[in-house]
């Protein structure tokens, strides 16, 4: 089967960020869907690269996924990796596997070795608001629990993403986590996100202070570019440490595993090379007794569907991410949406990755320039640490 055309779609879900999908079609008429990871304000950059990369795909065999991935790295990228490149390639790679599985008439997990579980557990993200008080976000968290979720993740840190923070910020985090535990009860799983922002001294001290609230994990406490920083935190704290959201290559994950930096790694299927790369990363992690919890700041359509297929297969799966704020808009453009019930997604039984999109509805909500409205504007030097008469904000303002 030869690839005949690749079309990209930037979609505005009305919240968070635009989403970037691609539709790959073969000469025989079979099509597959892929998705690229994007960040707010930079979505058109990835789309531009995806379109340029797509020119090299036309006429290639849709079955030749492994080799195409290698020559994209070697010939197109000149053996240099990056978030932009890996996100663009991941979208195409996922779409190719969708085509291959549809051609076989099987769900993708069946042609890649079969399922290791009946359903895939997910946790809720995207539920909190950076413009609301802790009290308002407690109400939102209780609504998440009432909807059937048994685990959620959030970033409780106020202020911008910086290595060094005020003690007032640390106290804010501890108070926030304490109130979340009190509100949600002892059996609910609280996953704390740090977004790579802290020096080890801050990460360790805060981790020690919140350990009494039975934290499910402590995610990306330090910048993983220097993976020893994360390993230092792991050695000092009792709760599981997660890293991997900002690692985009198998080489990067190999270094994290060698450093014993994390109990759980969270690669993203839409930015680390797609399904093949995720299978490789999971296989690398297994001998190290490291679990996989796929990061998924993507749609609840293609990104979640591909994540569910991967999570169904790997033996060292832990839990997957689901951005519930994106689901209403994604359901509107789905031919058949994925169903999340009581924190689980049943495995799709349809051929491919299990979803299809309504192109007309998709086109009805094109790209919207968010500008700096998402709270990520560039700060003035007068706002930097340390500040005289500083008081922690009532809510997190860094993202």
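In the working numbering, the protein residues as written are 431 to 829.
Glycine included, C-beta positions come from ideal geometry on N, C-alpha and C.
The model shown is predicted, which means the values in this text are computed figures rather than measured ones.
Taken in chain order, the complete alpha helix (DSSP H) segments of 4 residues or longer contained in the stretch 623 to 696 are 630 to 640, 657 to 666, 680 to 688. If you look at residue 519, you'll find it in the alpha helix (DSSP H) that goes 513 to 534. With respect to the C-alpha of residue 731, the residue from 746, 452, 786 having the closest C-alpha is 786. Just so you know, the alpha carbons of residue 754 and residue 795 end up roughly 19 Å apart.
Annotated as distal: residue 625 and residue 598, with beta-carbon spacing of 8 Å or more. A residue is called buried once 16 or more other Cβ atoms fall within 10 Å of its Cβ, and residue 586 is buried on that count.
Residue 447 and residue 798 have their C-alpha atoms roughly 9 Å apart. DSSP places residue 710 inside the alpha helix (DSSP H), whose first and last residues are 705 to 715. Boundaries of the beta strand (DSSP E) around residue 461: 461 to 466. If you check the CB distance, residue 670 and residue 697 do not come in under 8 Å.
By the neighbour-count criterion, in which 16 or more other beta carbons inside 10 Å mark a residue as buried, residue 637 falls on the buried side. Residue 460 and residue 529 have their C-alpha atoms spaced approximately 6 Å apart.
Spatial neighbours of residue 456 in its own chain (CB-CB distance under 7 Å, excluding positions within 5 residues in sequence) are listed in chain order as 431, 432, 433, 434, 492, 529. Residue burial is scored here from C-beta neighbours: residue 605 has fewer than 16 other C-beta atoms within 10 angstroms and is therefore classed as exposed.
Beyond the five residues adjoining it in sequence on each side, residue 788 comes within less than 8 Å, by CB distance, of 763, 764, 765 in the same chain, given in chain order.
Annotated three-state conformation of residue 792 is helix, per DSSP. For residue 820, the CB contacts under 8 Å within the same chain, skipping 5 residues up- and downstream, are 596, 598 in chain order. In the structure shown, the three-state DSSP call for residue 537 is strand. Restricted to the stretch 559 to 612, the beta strand (DSSP E) segments that are unbroken, complete and at least 3 residues in length are 581 to 584, listed in chain order.
Annotated three-state conformation of residue 437 is strand, per DSSP.
Beyond the five residues adjoining it in sequence on each side, residue 737 comes within less than 7 Å, by CB distance, of 699, 724, 726, 750 in the same chain, given in chain order. For residue 752, the uninterrupted beta strand (DSSP E) segment begins and ends at 750 to 753. Put simply, of 664, 442, 522 the residue whose alpha carbon is nearest the alpha carbon of residue 481 is 522. The shortest CA-to-CA distance from residue 748 to any of 779, 441, 548, 552 is the one to 552. Contact between the stretch 661 to 669 and the stretch 617 to 634 is present, with at least three C-beta pairs closer than 8 Å. Just so you know, the alpha carbons of residue 503 and residue 451 end up roughly 21 Å apart. Residue pairing by DSSP puts residue 455 in a beta bridge opposite 435, 461. With a beta-carbon spacing of about 5 Å, residue 689 and residue 657 fall inside the 8 Å limit used to define contacts. As computed with DSSP, residue 553 is found in a beta bridge with 751. Between the alpha carbons of residue 817 and residue 472 lies a gap of roughly 31 Å. Assignment of residue 819 by DSSP, reduced to helix, strand and coil, places it in the coil class.
Annotation for residue 775: no alpha helix (DSSP H) segment contains it, though the beta strand (DSSP E) segment containing it runs 774 to 776.
In this structure, residue 621 and residue 647 form a Cβ contact; the two beta carbons are roughly 5 Å apart against a cut-off of 8 Å. By the neighbour-count criterion, in which 16 or more other beta carbons inside 10 Å mark a residue as buried, residue 498 falls on the buried side. For residue 501, the enclosing alpha helix (DSSP H) has its first and last residue at 495 to 501. Of the other Cβ atoms in all chains shown, 16 or more fall within 10 Å of the Cβ of residue 708; this residue is therefore buried.
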